[in-house]
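A short worksheet on the structure shown next.
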Amino acid sequence: MAHPKRKISKTRRDKRRTHQKLSEKAVAICPTTDTPHLFHHAYVVEGDLFHKGKLAIKNYTTNAQ
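Taking the UniProt record's numbering, the leading residue of the sequence shown gets 1, the next gets one more, and so forth.
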């Protein structure tokens with residue numbers, strides 16, 4: 001197993017980690033229902049499933065088991 005020859009200082013460690021951060025997810029607003037949702041994802045509004053602003057499945061229910 002590899003071991004470091006010298007201790008890495010907190011500053012040096014933190015400099016390396018500056019690029020490892022989360023970015024906000026892009027959220028779209030549906031022009032039909034005015035509901036926020038993730039891009040390229042279907043979404044449920046009042047029991048109906050919408051995708052790309054169009055009604056995909058009426059009276060949609062999830063089958064959770």
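Using N, Cα and C, we set each Cβ at its ideal position, and we do this for glycine too. Remember, it's a predicted structure, so these values are computed and weren't measured experimentally.
Would you report the Cα separation of residue i and residue j, rounded to the nearest angstrom?
| i | j | result |
| --- | --- | --- |
| F50 | C30 | 9 Å |
| L55 | D48 | 7 Å |
| R12 | K58 | 56 Å |
| I8 | A2 | 14 Å |
| A10 | S23 | Here the sequence assigns Lys to residue 10, which means Ala is not the residue at that position. Whole-angstrom Cα-Cα distance: 24 Å. |
| D14 | H40 | 35 Å |
| P36 | R17 | 32 Å |
| G53 | Y43 | 10 Å |
So, are the CB atoms of residue i and residue j less than 8 Å apart?
| i | j | result |
| --- | --- | --- |
| V27 | L38 | yes |
Could you give the DSSP three-state label for residue i: helix, strand or coil?
| i | result |
| --- | --- |
| H40 | coil |
| D34 | coil |
| H51 | strand |
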